[in-house]
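Below is one structure, written out as structure tokens; comments come after it.
In the working numbering, the protein residues as written are 15 to 226.
In structure tokens, the structure reads:
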């Protein structure tokens, strides 16, 4: 296993849509700042990370939002800390169409994803955090590049939007069970599962990849 792990921090709804739903304030959330979420998804390990892995759409959204959050006095403690974290780490953007990356410590990679991850993991450094979006996460899963999956599942059916895990256009499996080694199958071991105090009943799941 590589010393520099690739960790994906992702959110989805019950129906598998890669979204972060907003919730009405129903007066029963005992973690209004989302402390439980931030610690589980990012803060518990972000000191070990020195590289963010992003696709073009996520990079454009994050680069226009996160740099300014740390300067906002009304922002929560963890969003401010994430803003500082995102500014200090290297940002690697996988894109063939993005013309420039102006966010400090950003660079564009147009070549093969597996080759770039292999190159990064051969160098000394910290872990790599895959921040999104869903298309990039699906590509990492298909290539077997994820070492850990930290997933928050929200108790909502979005009904539309990009699925976090895409459905291949292939017939149903004729057997009752998907065998080990089946095409597209990637196995993970459950490390932690617990409900979060915020998010209207969201559940945090932490998996680590099972390697042969």
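Using N, Cα and C, we set each Cβ at its ideal position, and we do this for glycine too. Owing to the predicted nature of the structure, the values given are computational and were not obtained by experimental measurement.
CA-to-CA distance, residue j to residue i, given in whole angstroms
i           : j           : result
residue 18  : residue 139 : 7 Å
residue 45  : residue 112 : 38 Å
residue 73  : residue 107 : 7 Å
residue 167 : residue 218 : 7 Å
residue 59  : residue 24  : 15 Å
residue 114 : residue 91  : 31 Å
residue 33  : residue 133 : 31 Å
residue 150 : residue 75  : 15 Å
residue 216 : residue 169 : 6 Å
residue 153 : residue 86  : 35 Å
residue 48  : residue 156 : 31 Å
residue 147 : residue 141 : 18 Å
residue 227 : residue 135 : The structure shown does not extend to residue 227, since the chain spans only 15 to 226, so no value can be given for it.
residue 27  : residue 127 : 27 Å
Selection from the options that minimises the alpha carbon distance to residue i
i           : options          : result
residue 63  : 151, 144 and 69  : 144
residue 209 : 22, 51 and 33    : 51
residue 194 : 216, 226 and 165 : 226
residue 65  : 103, 55 and 87   : 103
residue 198 : 211, 80 and 180  : 180
residue 118 : 136, 81 and 129  : 81
6 Å Cβ shell around residue i - same chain, five flanking residues per side excluded
i           : result
residue 224 : 201 and 203
residue 124 : 110
residue 84  : 94, 97 and 98
Cβ neighbours of residue i in the same chain (closer than 7 Å, five flanking residues each side left out)
i           : result
residue 120 : 105 and 107
residue 131 : 20 and 159
residue 122 : 107, 109, 112 and 115
residue 56  : 23 and 96
Chain-order list of residues whose beta-carbon lies under 8 Å from that of residue i (same chain, five-residue window excluded)
i           : result
residue 212 : 43, 45, 46, 47, 48, 49, 50 and 51
residue 69  : 107, 108, 109, 146, 147, 149 and 150
Check: Pairing CB atoms from the stretch 90 to 100 with CB atoms from the stretch 163 to 180, are three or more of them under 8 Å?
Finding: Cβ pair count under 8 Å is below three, so no.
Note to self: With three or more C-beta pairs closer than 8 Å as the rule, is the stretch 151 to 163 touching the stretch 195 to 206?
What the structure shows: yes
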